[in-house]
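Below is one structure, written out as structure tokens, with a few remarks after it.
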Amino acid sequence: MKRFWLTTLFITIFATQCFANSGTIVTYTIDPEKNAYDHNNKGVMYVEEKCYYAAIQEFKMAISLNPKKQATAVYFNNLGKVYMTIGYPSLALDCFKNAITQYSLNFEYYQNLVECYSKLGQARQQLKIYKSAQDNSALNKVIWALLEEATGNKKKAIIILDEFAMSEPDLLITPAVKNHIQKLVSELQQTY
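With the first letter of the sequence shown counted as 1, position 97 gets the number 97 in the working numbering; the numbers rise by one all the way through.
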């Protein structure tokens with residue numbers, strides 16, 4: 001039996017050299033963007049399995065492999081959602097801010113940020129900041145409106161979001177804002 005394996009090993013070693021082209025070197029290109037995507041997907045799978053520590057590590061690896069791309073906003077958002085799930089909104093806050101910084105046209109990121117402010121008990125304080133902000137850019141109005149909603153003023157939130165949708169009809173975030181307006185209006189109609 002040993003002789004059979006030794007013969008097979010000997011033939012394998014010498015036969016592979018006959019088939020290989022001379023001067024070729026097998027190379028593998030490491031693609032950090034693809035690896036970041038894979039780590040994010042593993043993190044999502046861990047979240048589904050409720051293995052939150054492993055998910056956090058996977059999302060952190062995805063962020064470190066691909067730190068300055070638009071896709072990184074998804075990784076930050078996923079990491080923030082896990083922190084919120086396990087009860088660490090203070091850690092999630094930075095993640096949601098980074099997600100908005102990386103890609104500011106996803107309405108979910110704003111909703112998650114405002115939810116985080118609410119869990120931290122900072123919604124009213126942040127509302128004052130966004131109301132009095134000198135830089136009242138269009139996207140800041142989205143946070144302002146969501147903070148109004150979080151503090152119980154849905155009518156004011158609808159007005160601000162409607163102004164935003166009218167002034168910025170071509171932004172990618174606008175359809176999601178319009179859907180949220182519809183949801184708020186239906187909630188108000190049910191209360192009356």
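In this text, a Cβ means the ideal position worked out from N, Cα and C, and glycines have one as well.
Remember, predicted model here, so these are calculated numbers, not experimental data.
Cα-Cα separation between Val177 and Ser64, rounded to whole angstroms: To locate residue 177, count along the sequence shown from 1; it is residue 177. To locate residue 64, count along the sequence shown from 1; it is residue 64. Val177 and Ser64 have their C-alpha atoms some 31 Å from each other.
Validate contact between the region 65-72 and the region 81-89 using beta carbons, cut 8 Å, 3 pairs: No, the region 65-72 is not in contact with the region 81-89.
8 Å CB neighbourhood of Asn140 in its chain, flanking five on each side removed: Working through the sequence shown from its first residue, we reach residue 140 at position 140. The beta carbon of Asn140 sits closer than 8 Å to those of Tyr130 and Ala133, all from its chain and outside the five residues before and after it, given in chain order.
Contacting residues, own chain, Cβ-Cβ under 6 Å from Leu161 (five flanking each side not counted): Residue mapping note: residue 161 aligns to position 161 of the sequence shown, counting from 1. Ala145, Val177 and Ile181, listed in sequence order.
Of the residues Tyr46, Ala157, Glu33 and Glu108, the one placed nearest Val185, counting alpha carbons only: Taking the sequence shown and counting its residues from 1, one reaches residue 185 at position 185. With distances taken between Cα atoms, Val185 lies closest to Ala157.
Nearest-angstrom Cα separation, counted from Pro32 out to Leu120: To locate residue 120, count along the sequence shown from 1; it is residue 120. To locate residue 32, count along the sequence shown from 1; it is residue 32. Cα to Cα, the separation comes out at about 35 Å.
Supposed contact pair Gly80 and Ala99 - C-beta distance, whole angstroms, cut 8 Å: The sequence position of residue 99 within the sequence shown is 99, counting from 1. The sequence position of residue 80 within the sequence shown is 80, counting from 1. Contact between Ala99 and Gly80 holds: their C-beta atoms lie close to 7 Å from each other, under 8 Å.
Identity of the residue in Tyr46, Gly43 and Gln102 nearest Pro67 by Cα: For the purposes of this step, residue 67 is taken as residue 67 along the sequence shown, with counting starting at 1. Gln102 is the residue among Tyr46, Gly43 and Gln102 whose C-alpha sits nearest the C-alpha of Pro67.
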